[in-house]
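Structure first, commentary second.
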Amino acid sequence: MRLSNLELEQIIDEKLNSKAISDYVPNGLQVEGKAHIQRIVTGVTATLPLIEKAIEKNADAILVHHGYFWKSESPCIRGMKGKRIKQLLVNDINLFGYHLPLDIHSELGNNAQLATKLGVINLQGLEDRPNSIPVYGEFETPISAKELAERIEQALNRKPILCDEFIADYPHKLIRNVGICTGGGQGYIDLAASKGCDAFISGEISEQTTHSAREQGIYYFACGHHATERDGVKALGEWLAKEYGLDVEFIDIDNPA
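Residues in the sequence shown are numbered consecutively from 1, following full-length UniProt numbering.
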């Protein structure tokens, strides 16, 4: 099956409810290529290596979580960004990017996908507003910090950084309620602590994150920005393949961050 680039954008917009979500980047079709799409490459970030892989695959479109034109970046198309966009235009490849809509979607989102892998159930928003970015849920049976670290490593093929300095003071502290915000969501640890979470999971760790974990008695797991955000775009691509018969392939350009 083939879809026009505008049809594909409308389908994804509706699935992710992207128009209702305020973001730091435009969501949807960011760089326009050929009019019709059948073969799609998905990936986390629209890097030059991903674009080159898409060219090799004769892809009509690239679908990513981290696209272009962020509010904080220069509008000039030069240097690294110029090289990337030139390859898209020369090869007539569409670029679709979905940021927060692909983090928070209750089924396909990064948070939901990670929660499913770890066995976290009953997800709900951590913020007291619609379209909360971080979420929290619970384990059916409380588990230890060590067991959660092992689950994370198995799910993401990456050993998490665990702020566990207070374990000696609370040797029997188990984890039932856990907050999740994939990517660079470490700043929500204080909110998670205030909501009674026993642990908080995100991708990155900042200097102050350790102090928040230590002083508020909450386990913190830093699991990698890239590693925690592979599954949302992959799940979206698989949904498109199943529902619309598109040829979709996920390509992982590894990133240790």
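By construction, the Cβ of each residue, glycine as well, lies at the ideal position given by its N, Cα and C atoms.
Whole angstroms is fine: what's the gap from residue i's alpha carbon to residue j's?
i: TYR244; j: LEU118; result: 29 Å
i: ASP252; j: GLU229; result: 11 Å
i: GLU127; j: LEU191; result: 8 Å
i: GLN53; j: ASN110; result: Note on residue identity: the sequence assigns Lys, not Gln, to residue 53. Their backbone Cα atoms lie some 23 Å apart in a straight line.
i: LEU100; j: ILE133; result: 7 Å
i: GLN56; j: GLN208; result: Correcting the residue identity first, residue 56 is Glu in this sequence and not Gln. So the alpha carbons of these two residues sit roughly 43 Å apart.
i: ASN58; j: PRO130; result: 40 Å
i: LYS242; j: HIS172; result: 45 Å
i: GLN38; j: SER18; result: 22 Å
Output the boundary residues of the alpha helix (DSSP H) element that contains residue i.
i: SER212; result: 207-216
i: GLY97; result: Per DSSP, GLY97 belongs to no alpha helix (DSSP H); it is in the beta strand (DSSP E), 94-97.
i: ILE12; result: 5-16
i: ASN122; result: It is not in any alpha helix (DSSP H) - ASN122 instead sits in the beta strand (DSSP E) that spans 120-125.
Using a Cβ-Cβ cutoff of less than 7 Å, which residues in the same chain neighbour residue i once the five nearest sequence positions on both sides are dropped?
i: TRP70; result: TYR24 and VAL25
i: HIS91; result: First, the residue type needs correcting, since residue 91 is Asn and not His in the sequence shown. Same-chain partners within the cutoff: ILE55.
i: LEU29; result: ASN5, GLU9, ASN94 and PHE96
Taking the beta carbon of residue i as the centre, do at least 16 other beta carbons fall within 10 Å, making it buried, or is it exposed?
i: GLN154; result: exposed
i: THR141; result: exposed
i: ASN27; result: buried
At what residues does the beta strand (DSSP E) containing residue i begin and finish?
i: ASN177; result: 175-181
Using a Cβ-Cβ cutoff of less than 6 Å, which residues in the same chain neighbour residue i once the five nearest sequence positions on both sides are dropped?
i: THR210; result: CYS163
i: GLU215; result: none
i: ALA213; result: CYS163 and TYR220
i: ILE161; result: ILE205 and ALA222
i: SER202; result: CYS181, GLY185 and GLN186
i: residue 271; result: This structure does not reach residue 271, given that the chain is present from 1 up to 257, and the question cannot be answered.
Could you check if residue i belongs to the surroundings of the ligand FMN, using beta carbon to heavy atom distance under 8 Å?
i: PRO49; result: In the structure shown, the ligand FMN is absent, as is every other ligand, since no ligand is present at all.
Contained beta strand (DSSP E) runs [length at least 3] in the segment 25-92, N- to C-terminal order
28-31, 39-45 and 61-66
Run through the segment 221-252 for me and flag every whole alpha helix (DSSP H) of 4 or more residues, listed as ranges in chain order.
225-228 and 231-244
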